[in-house]
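One structure is given below, encoded as structure tokens.
Chains as they are written, first to last, in the working numbering: chain Z, 12 to 247; chain Y, -17 to 237.
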């Protein structure tokens, strides 16, 4: 579904992405893990077309994303730090998104109900706490029933109840055969979600393996321990 | 595209500065026309406001507005929208509301007191300048991520177009006063939309007599219909080129 080919991106002298190639298919739930500054968010932003790679290209369903902006209607994106126009209310933002997407499919408002966003519709974005902002981002990502979900640190800043609800929702969508790309530092959260793991370091894609292979490789059942095993042994 | 323009314009209307600008222009234009004894004299005073204040307001408001809508743009870029559409809608919303504010603020007084060709000329020139300077602001704002730097560039550009450029032209005039440079002065004036506007209006006011031989050459060129068409096309280019460059830049920008 999404194929990246030798994608390289430099920010000044820093190589944020170094010849990254990967393939993601329908029904997979892929965890992007790696230390801070390893290029996870840059990779995600390149897939969304928010960052334009210096070289290499990305295709979505066989179309180069540089020339086919329509592909973004199949993606729900939840940014790491959701930034919204300060003087719009939650209701305005959600209405605007619906207005812009103009999708004939019914919108998926499960999360809006689960997070109890409706009573807050009149609140301006600048008055929201970081957690509520994250909730709004999550609602927007799932709102249009997209085929692909790109979630950048979805549970950072959410309270335990909300993050549990979000996790349930992700599992539900995964079961519907959607592609889920997820980054997180809290590896223990990913255990019952992911089917594949991409490990990145210094802009390089170190490995892309199914979770079963990781379990047999390292003999660890927990993802956190398995990744720690890789980092210690550098057997990448 | 229409939808985004709608959101931009409602947002601009909500922050009330545009309303204050309109009221200020209204008050100014009515007081100028009622203070001066003849409307054509009033028009001359209006000219200075149009040439100095309108570009300043347009460029600074637009630059700050673009920087403040970074979040809005970021939100839209991840949606199924073409980047060009987002950027052009932002420009249309800004240029549109600035022109409407100008049209209401100055237009009413001009049409009441001096509905002549010169009056209409001032109106159209003011609208052109509003659009041109918001186009230049789009370019200034897309070049740098740093807000302070971007606004600084915008102010410097305004200073350049309204003061420095004239100084340079004067300097060249004195340096080359022994040569027949009148024709090249026409070309030089095309390089600055404010200068071009000033010449166009002054010639309509029959002030060219005060500009000596250069004035006669100007009259010869700008007075003809070809000259008018050429100068309005140049003004139009002053809108298209900055917008085009800024779109190109925005298409490759990392957000």
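Built from N, CA and C at the ideal position, the CB exists for glycine as well.
Contact defined as beta carbons within less than 8 Å: I believe residue i pairs with residue j. What is the distance between those atoms, to the nearest angstrom?
i                     : j                     : result
residue 164 (chain Y) : residue 142 (chain Y) : Going by Cβ atoms, the distance from residue 164 (chain Y) to residue 142 (chain Y) rounds to 24 Å, so no, they are not a contact pair.
residue 139 (chain Y) : residue 122 (chain Y) : 6 Å
residue 164 (chain Z) : residue 206 (chain Z) : Actually they are not in contact, since the Cβ atoms of residue 164 (chain Z) and residue 206 (chain Z) sit about 19 Å apart, beyond 8 Å.
residue 204 (chain Z) : residue 238 (chain Z) : 15 Å between Cβ atoms; not a contact.
residue 170 (chain Z) : residue 142 (chain Z) : 6 Å
residue 125 (chain Y) : residue 231 (chain Y) : 7 Å
residue 105 (chain Z) : residue 64 (chain Z)  : Wrong, their Cβ atoms sit about 31 Å apart, outside the cutoff.
residue 89 (chain Z)  : residue 173 (chain Z) : With a Cβ gap of about 13 Å, residue 89 (chain Z) and residue 173 (chain Z) do not count as contacting.
residue -1 (chain Y)  : residue 43 (chain Y)  : 7 Å
By the 10 Å Cβ neighbour count, where 16 or more other Cβ atoms means buried, how is residue i classified, buried or exposed?
i                     : result
residue 174 (chain Y) : buried
residue 159 (chain Y) : exposed
residue 33 (chain Z)  : buried
residue 45 (chain Y)  : buried
residue 161 (chain Y) : exposed
residue 177 (chain Y) : buried
residue 60 (chain Y)  : buried
residue 58 (chain Y)  : buried
residue 206 (chain Y) : exposed
residue 171 (chain Y) : buried
residue 97 (chain Z)  : exposed
residue 258 (chain Y) : This structure leaves residue 258 (chain Y) out entirely; chain Y is present only between -17 and 237.
residue -17 (chain Y) : exposed
residue 22 (chain Z)  : exposed
residue 145 (chain Z) : buried
residue 87 (chain Z)  : buried
residue 79 (chain Y)  : buried
residue 69 (chain Y)  : buried
residue -4 (chain Y)  : exposed
residue 92 (chain Y)  : buried
residue 156 (chain Y) : exposed
residue 186 (chain Z) : exposed
residue 175 (chain Z) : exposed
residue 126 (chain Z) : buried
residue 153 (chain Y) : exposed
Please list, in chain order, the chain Z residues whose beta carbon lies closer than 8 Å to that of residue i.
i                     : result
residue 237 (chain Y) : 56, 61, 62
residue -4 (chain Y)  : 98
residue 86 (chain Y)  : Neighbours of residue 86 (chain Y) on chain Z: none; closest Cβ ~24 Å, over 8 Å.
residue 238 (chain Y) : In the structure as shown, chain Y starts at -17 and stops at 237, and residue 238 (chain Y) therefore has no counterpart that could be examined.
residue 27 (chain Y)  : Those do not exist, as residue 27 (chain Y) stays about 37 Å from chain Z at its closest Cβ, beyond 8 Å.
Could you tell me which chain Z residues have their CB closer than 9 Å to the CB of residue i, listed as they occur along the chain?
i                     : result
residue 51 (chain Y)  : 96
residue 73 (chain Y)  : The premise fails here: residue 73 (chain Y) is roughly 17 Å from chain Z at the closest Cβ pair, so nothing lies under 9 Å.
residue -15 (chain Y) : 107, 110, 111, 113
residue 44 (chain Y)  : What residue 44 (chain Y) touches in chain Z: nothing, since even the nearest Cβ is about 17 Å away.
residue 239 (chain Y) : Limits of chain Y in this structure are -17 at one end and 237 at the other, which puts residue 239 (chain Y) out of reach.
residue 215 (chain Y) : Within chain Z, no residue comes near residue 215 (chain Y); the closest Cβ sits about 32 Å away, beyond 9 Å.
For residue i, which residues in chain Z fall below 7 Å Cβ to Cβ?
i                     : result
residue 18 (chain Y)  : What residue 18 (chain Y) touches in chain Z: nothing, since even the nearest Cβ is about 41 Å away.
residue 64 (chain Y)  : 80
residue 54 (chain Y)  : 96
residue 57 (chain Y)  : 95
residue 116 (chain Y) : Within 7 Å Cβ-Cβ: nothing; residue 116 (chain Y) doesn't reach chain Z, min ~19 Å.
Which chain Y residues are close to residue i, counting only those with a beta carbon under 9 Å from its beta carbon?
i                    : result
residue 12 (chain Z) : Those within 9 Å of residue 12 (chain Z) in chain Y number zero; the least Cβ separation is about 16 Å.
Taking residue i as the query, report the chain Y residues whose CB atoms sit under 7 Å from its CB, ordered along the chain.
i                     : result
residue 107 (chain Z) : -11
Taking 6 Å as the cut-off, does the CB of residue i come closer than this to any heavy atom belonging to the ligand MN?
i                     : result
residue 143 (chain Z) : Summarising the ligand content, the structure contains no ligands, and the ligand MN is consequently not present.
Report yes or no: is there a C-beta of chain B within less than 7 Å of the C-beta of residue i?
i                    : result
residue 60 (chain Y) : Note that chain B does not occur in the displayed structure, where the protein chains are Z and Y.
Output, in sequence order along the chain, the residues in the segment 154 to 177 of chain Y whose CB is closer than 8 Å to any CB in chain Z.
none
Could you check whether the segment 8 to 25 of chain Y touches the segment 136 to 151 of chain Z, counting it as contact only if at least three pairs of C-beta atoms, one from each stretch, sit closer than 8 Å?
no
Check each residue of the segment 50 to 68 of chain Z: if its Cβ is closer than 8 Å to any Cβ of chain Y, include it; give the result in chain order.
56, 59, 60, 61, 62, 63
May I ask you to list, following chain order, the residues of the segment 80 to 95 of chain Z that have a beta carbon less than 9 Å from some beta carbon of chain Y?
80, 81, 82, 83, 84, 85, 86, 88, 90, 93, 94, 95
Tell me which residues of the segment 110 to 132 of chain Z have at least one Cβ-Cβ distance to chain Y shorter than 8 Å, keeping chain order.
110, 111, 112
Return the residues of the segment 221 to 234 of chain Y that lie within a Cβ-Cβ distance of less than 7 Å from chain Z, sorted by chain order.
234
Examine the Cβ distances between the segment 86 to 106 of chain Y and the segment 129 to 136 of chain Y and report whether three or more of them are shorter than 8 Å.
no
Is it the case that the segment -14 to -1 of chain Y contacts the segment 75 to 91 of chain Y, given that we only count it when at least three CB pairs across the two stretches are under 8 Å?
yes
If we count Cβ pairs, one from each stretch, closer than 8 Å, do we get three or more for the segment 43 to 61 of chain Z versus the segment 105 to 118 of chain Z?
no
Is it the case that the segment 219 to 227 of chain Y contacts the segment 41 to 56 of chain Y, given that we only count it when at least three CB pairs across the two stretches are under 8 Å?
no
Touching or not, the segment 183 to 202 of chain Z and the segment 146 to 162 of chain Z, by the rule of three or more beta carbon pairs under 8 Å?
yes
Quick check: the segment 223 to 241 of chain Z against the segment 62 to 77 of chain Z, are there 3 or more CB pairs under 8 Å?
no
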